[in-house]
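> Mind having a look at this structure? Questions to follow.
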Amino acid sequence: MLAREARQLGVELHVLTPSPADPAAQDASSVVVGPVEDEAAMRLLAQRAGRISFENEWVPVDVLGPLEREGILFLPDLAALQPLLNKRSQRQLLSNLNLPTPRWAGMEASQPPPAPASPQSDDAFSTTAWTGEEMFSSGGGDGDPSGPSVPAEPRLPEGLTFPVMAKLSHGGYDGKGTQLLEDQAALERHLAAHTPEDWLLEERVRFEMELAQVVCRDQEGEVRCFPLVQTHQREQVCEWVLFPAPVDHAVAAWARNVSMSLVTALNYVGVMGIEFFFGPGGLLVNEVAPRVHNSGHLTLEACATNQFSQHVRILAGLPLGSTEPIVDGALMVNLLGYEPEEGPAASLDHQPQRQALAAMRGAHVHWYGKRPRRGRKLGHVTFVLAGEGAREREEERARLLAEVRAVWPWPEPVDTAAN
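Next up, the structure:
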């Protein structure tokens, strides 16, 4: 979709991809075939393009750092990207900026101390949550230091209680690398099966809804936000997105303030998606995506400038487009692959289903051209809503979602590693 918007704006877009069959290659001005960590391929891309950006967060900063120091321009730059490339560094950044997040700690803080016990470092803790507390259970009998030693057991850091979320710092996407630990036994099994330093522990947030904000910042430092939206996850994958989010103006204003503060603090250039939990505890940042975001796909129909066009404008040095809505409401529904890969090619193309969706009133179908796979996001359909109030839009959303699922079922089970 970035490539299509670049073509419409008359901006040359050169693509580096491991596969010439990549959908982006079909609309690109030229294609360099190779992985992003291929230094020679990246140099060739830089010869063709004045600025280089990324469509996902799997950025090999260690490989690209020397190229940036030589003068190759990455937007956002690697310093802005670095703390956003894994969940742990994201949490630490947000804590350092005093932006609201769930309580968290590095999983290694749950390990028993080695014998003999030594003072524990609190480096693994969120800087805004808790420090300096006793983290482990250990001892000798009834407190007699000369008594027999009782092996220490893993224990949750102070401030966390079961059930607790265990999240993989690197590589988690659409629910991959996230586990709910219900009790002490689950924690011990997890510690035995994984490298604790690769994981973080996070409080299980009791939220009323999930929200998302797409924010953009250009090379001159101008910042604009798209409207706040509600997102709904099914089996930890986004199923649908609703605009506008059914929350008070104060909540939307707070989300904008958090988003604008983050991109400004990072000197971030480009489009960013920020996911929030919202509930009794207020607004908490769940995750940051340094790229165009699934929750922003409905901006293609709902806003004066869509997120893809905005990102291209930023890279090309063009003025930011308006992020104002041009419709009263919109619903985006993700279309995931739901058939086995070995199915007939014709059925995997889903042409009859796509035509049926396109025939629905107010529907706009977007097909990505990806190789079909169960659980993979193959496209989406956006509906412009007619309802004027939150209740009417919710009724319309429920009806339209049921109609979409009658044509395009949700895959069972979802392969969350497929996207």
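All residue numbers for the sequence shown refer to the working numbering, where the first residue is 138 and numbers rise by one.
Just so you know, even glycine gets a beta-carbon here, dropped at the ideal spot from N, CA and C.
Because the structure is a prediction, the values reported are computed rather than measured.
Count the other CB atoms, across all protein chains shown, that sit within 10 Å of the CB of D355; report buried if there are 16 or more and exposed otherwise.
Buried, because 16 or more other Cβ atoms sit within 10 Å of the Cβ of D355.
> Under the rule that 16 or more other beta-carbon atoms within 10 Å means buried, what is E339, buried or exposed?
Looking at its Cβ environment, which holds 16 or more other Cβ atoms inside 10 Å, E339 is buried.
> Mind checking W547: buried by the 16 CB within 10 Å criterion, or exposed?
Looking at its Cβ environment, which holds 16 or more other Cβ atoms inside 10 Å, W547 is buried.
> Per DSSP, what are the beta-bridge partners of G474 in this structure?
G474 pairs with R511.
> Roughly how many whole angstroms lie between the Cα atoms of P249 and E174?
Distance between the alpha carbons of P249 and E174: 38 Å.
> Is the Cβ of V360 closer than 9 Å to any Cβ of chain D?
Of the protein chains in this structure there is only one, and it is not chain D.
> Three Cβ pairs or more, each shorter than 8 Å: is that satisfied between the region 179-194 and the region 211-220?
Contact between the region 179-194 and the region 211-220 is present, because at least three Cβ pairs lie under 8 Å.
> I need the boundaries of the beta strand (DSSP E) containing T154, first residue and last residue.
First-last of the beta strand (DSSP E) with T154: 151-154.
> So what does DSSP say about S446, is it helix, strand or coil?
It is helical.
> Contact defined as beta carbons within less than 8 Å: I believe L218 pairs with M179. What is the distance between those atoms, to the nearest angstrom?
Contact flag wrong, Cβ pair sits at about 15 Å.
> Within a Cβ cutoff of 6 Å, which residues of the same chain sit near P427, ignoring the five residues on either side of it in sequence?
Excluding positions up to five away in sequence, the list reads E194, L218, L221, M409.
> Hey, would you say K514 sits closer than 9 Å to L468, going by beta carbons?
No.
> If you run the structure through DSSP and keep just helix, strand and coil, what is K313?
Three-state DSSP puts K313 in coil, outside helix and strand.
> Given this structure, state the Cα-to-Cα distance separating D260 from V470, to the nearest angstrom.
Interpretation of D260 is limited by its pLDDT of 46, a score under 50 that renders its predicted location unreliable; the figure taken from the coordinates is listed afterwards. Near 42 Å, if we compare the C-alpha coordinates of V470 and D260.
> Considering only DSSP beta bridges, list what G524 is partnered with.
Answer is none; G524 lacks a bridge partner.
> Can R292 and Q350 be called in contact, C-beta distance under 9 Å?
Cβ distance not < 9 Å, so R292 and Q350 don't count as in contact.
> Do the region 398-409 and the region 372-383 make contact, defined as three or more Cβ pairs closer than 8 Å?
No: the two stretches stay apart, fewer than three of their Cβ pairs being nearer than 8 Å.
> Could you spell out where the alpha helix (DSSP H) holding L379 opens and where it closes?
L379 -> not in any alpha helix (DSSP H); beta strand (DSSP E) instead, spanning 374-380.
> Could you tell me which residues DSSP puts in a beta bridge with S306?
Note: S306 sits in no beta bridge, so no partner.
> Sort out for me which residues DSSP pairs V301 with in a bridge.
For V301, which the question treats as bridged, DSSP gives the partners L318, E340.
> Suppose you measure from the CA of S166 to the CA of V449; what does that come to, to the nearest Å?
Looking at the two C-alpha atoms, the distance is approximately 14 Å.
> Does the Cβ of D320 have 16 or more other Cβ atoms within 10 Å, making it buried, or fewer, making it exposed?
Exposed, since its Cβ has fewer than 16 Cβ neighbours within 10 Å.
> Inspect the beta-carbon positions of L181 and G243 and report whether they are closer than 9 Å.
Contact: no.
> Using CA coordinates, which residue listed in Y475, Q373, N233 is at the minimum distance from K313?
Checked all of Y475, Q373, N233; the closest Cα to K313 is Q373.
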